[in-house]
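J.:
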Amino acid sequence: MNFHILTLFPEMINQIMNTSIIGRAIAKGHIGVDAVNIRDYTESKHKKVDDYPYGGGAGMLLQAQPIHDAYLAVRSRITGEGRRAPKVIYVTPQGKIFNQETAKALAKEEDLVLLCGHYEGVDERVLDEIVTEHISIGDYVLTGGELPAMVIVEAVSRMVPGVLKNAESGETESLSNFLLEYPQYSRPEIWQGIRVPEILLSGDHAKVDKWRHDQAILRTKQRRPDLYEKFVYNGEKIPPADAKEGQ
Numbered sequence: 078m079n080f081h082i083l084t085l086f087p088e089m090i091n092q093i094m095n096t097s098i099i100g101r102a103i104a105k106g107h108i109g110v111d112a113v114n115i116r117d118y119t120e121s122k123h124k125k126v127d128d129y130p131y132g133g134g135a136g137m138l139l140q141a142q143p144i145h146d147a148y149l150a151v152r153s154r155i156t157g158e159g160r161r162a163p164k165v166i167y168v169t170p171q172g173k174i175f176n177q178e179t180a181k182a183l184a185k186e187e188d189l190v191l192l193c194g195h196y197e198g199v200d201e202r203v204l205d206e207i208v209t210e211h212i213s214i215g216d217y218v219l220t221g222g223e224l225p226a227m228v229i230v231e232a233v234s235r236m237v238p239g240v241l242k243n244a245e246s247g248e249t250e251s252l253s254n255f256l257l258e259y260p261q262y263s264r265p266e267i268w269q270g271i272r273v274p275e276i277l278l279s280g281d282h283a284k285v286d287k288w289r290h291d292q293a294i295l296r297t298k299q300r301r302p303d304l305y306e307k308f309v310y311n312g313e314k315i316p317p318a319d320a321k322e323g324q
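Structure below.
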């Protein structure tokens with residue numbers, strides 16, 4: 078899978094994307110991340126990419142032309158390889174809230190373009206022309222779209238085969254089937270007088286799996302009742318089954 082990020086700050090994208098899990102996934106060829114500098118496509122000899130909004134108001138708007146030409150350059154490279162035009166995501170507080178289900182859906186794409194806004198926004202005409210979907214990572218405002226774009230790349234990449242070392246980890250961690258992840262423990266067995274739950278030392282994998290499932294349900298009910306309401310198993314909501322934290 079390939080991500081093409083239209084940005085004014087490609088160095089910001091490259092610095093973060095070349096580390097940790099994403100960096101390893103890129104090195105192994107499981108994903109590609111291409112930071113496309115919008116300024117490289119402006120027709121302005123001064124590399125200008127913004128201007129005042131018509132009708133007045135505070136701040137500046139990103140102009141349509143450099144964004145559109147940057148997108149066309151990406152699309153040309155992709156369609157030139159026999160692929161269809163990519164889905165284009167504009168990261169904005171005005172979009173639908175990003176979640177794990179959206180990440181799974183986007184992971185099915187072969188190419189994904191993410192447009193990072195700045196200043197007071199983007200000329201609406203280019204959004205209407207190229208954007209497939211508007212996505213927000215939360216109800217707050219950031220200076221630019223680079224951080225939200227990287228959040229989306231990180232979450233989507235984890236759903237791409239080969240990116241995670243454990244093939245199951247993308248499915249068993251938090252938010253799988255609307256459940257938060259169960260509590261986990263490591264060595265030593267006793268730390269500051271607190272013991273690891275006995276069930277995890279039993280060696281009975283069936284009982285461990287049941288305990289973890291019950292704990293995930295309980296934790297979700299306590300911490301994220303909104304997710305708990307969405308949790309469905311075999312068509313029915315399942316109660317915590319007498320699960321208690323730490324048992």
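Using my numbering, the first residue of the sequence shown is number 78, and each one after it goes up by one. Just so it is clear, CB atoms sit at the ideal spot from N, CA and C, and this is done for glycine as well.
Spell out a yes or no on whether the region 226 to 236 and the region 166 to 181 are touching, meaning 3 or more CB-CB pairs, one atom from each, closer than 8 Å.
T.: Judged by Cβ distances under 8 Å, the region 226 to 236 makes contact with the region 166 to 181, as three or more pairs qualify.
J.: Using only the alpha-carbon positions, how far apart do Lys185 and Val237 sit?
T.: As a first step, residue 185 must be located in the sequence shown, where it is residue number 108. As a first step, residue 237 must be located in the sequence shown, where it is residue number 160. The alpha-carbon atoms of Lys185 and Val237 are separated by roughly 8 Å.
J.: Any idea if Ala135 is buried or exposed, counting beta-carbon neighbours within 10 angstroms, 16 or more meaning buried?
T.: The count along the sequence shown starts at 1 and reaches residue 135 at position 58. Exposed.
J.: Are Ile90 and Ala112 close, meaning C-beta to C-beta below 7 Å?
T.: Here residue 90 is taken as the residue at index 13 of the sequence shown, counted from 1. Here residue 112 is taken as the residue at index 35 of the sequence shown, counted from 1. Yes; because the gap between Cβ atoms is below 7 Å, this pair is in contact.
J.: Do the CB positions of Ala147 and Tyr167 come within less than 7 Å of each other?
T.: For the purposes of this step, residue 147 is taken as the residue at position 70 of the sequence shown. For the purposes of this step, residue 167 is taken as the residue at position 90 of the sequence shown. No.
J.: Please report how far the alpha carbon of Arg152 lies from the alpha carbon of Pro163, in whole angstroms.
T.: Here residue 152 refers to the residue found at position 75 when the sequence shown is read from its first residue. Here residue 163 refers to the residue found at position 86 when the sequence shown is read from its first residue. Going by the C-alpha atoms only, they are around 7 Å apart.
J.: Might you give, ordered along the chain, the residues of its own chain that have their beta carbon closer than 6 Å to the beta carbon of Tyr259, omitting 5 neighbours on each side?
T.: Looking up residue 259 in the sequence shown gives position 182. Around Tyr259: Arg289, Gln292, Ala293.
J.: According to DSSP, simplified to helix, strand and coil, what is Tyr167?
T.: Against the sequence shown, residue 167 aligns to sequence position 90. If DSSP states are grouped into helix, strand and coil, Tyr167 belongs with the strands.
J.: Which stretch, first to last residue, makes up the alpha helix (DSSP H) that contains Glu266?
T.: Taking the first residue of the sequence shown as position 1, residue 266 is located at position 189. No alpha helix (DSSP H) holds Glu266; DSSP gives it neither H nor E.
J.: Let me know the secondary structure DSSP gives Ala135 once reduced to three states.
T.: As a position in the sequence shown, residue 135 is number 58, starting the count at 1. Coil, per DSSP.
J.: Along the alpha helix (DSSP H) that carries Asn254, what are the first and last residues, could you check?
T.: As a working note, residue 254 is residue 177 in the sequence shown. No alpha helix (DSSP H) holds Asn254; DSSP gives it neither H nor E.
J.: Are Val203 and His145 close, meaning C-beta to C-beta below 7 Å?
T.: Within the sequence shown, the letter at position 126 stands for residue 203. Within the sequence shown, the letter at position 68 stands for residue 145. Result yes, Cβ atoms of Val203 and His145 sit closer than 7 Å.
J.: Could you check if Glu206 is buried or exposed, using at least 16 other CB atoms within 10 Å of its CB as the buried criterion?
T.: Here residue 206 refers to the residue found at position 129 of the sequence shown. Glu206 is exposed by the Cβ-count criterion.
J.: His211 and Gly239: beta carbons closer than 7 Å?
T.: The sequence position of residue 211 within the sequence shown is 134, counting from 1. The sequence position of residue 239 within the sequence shown is 162, counting from 1. No; because the gap between Cβ atoms is not below 7 Å, this pair is not in contact.
J.: Let's see if you can read the secondary structure: which residues bound the beta strand (DSSP E) around Glu306?
T.: As a working note, residue 306 is residue 229 in the sequence shown. Looking at the DSSP string, Glu306 is not in any beta strand (DSSP E); the run it does join, the alpha helix (DSSP H), is 302 to 307.
J.: Could you tell me which residues DSSP puts in a beta bridge with Ala41?
T.: Only positions 78 to 324 of the chain appear in this structure, which leaves residue 41 out of reach.
J.: The ligand MN and Ile90: does the residue's C-beta get closer than 6 Å to at least one heavy atom of that ligand?
T.: With respect to small molecules bound, the structure shown includes none, and the ligand MN cannot be examined in it.
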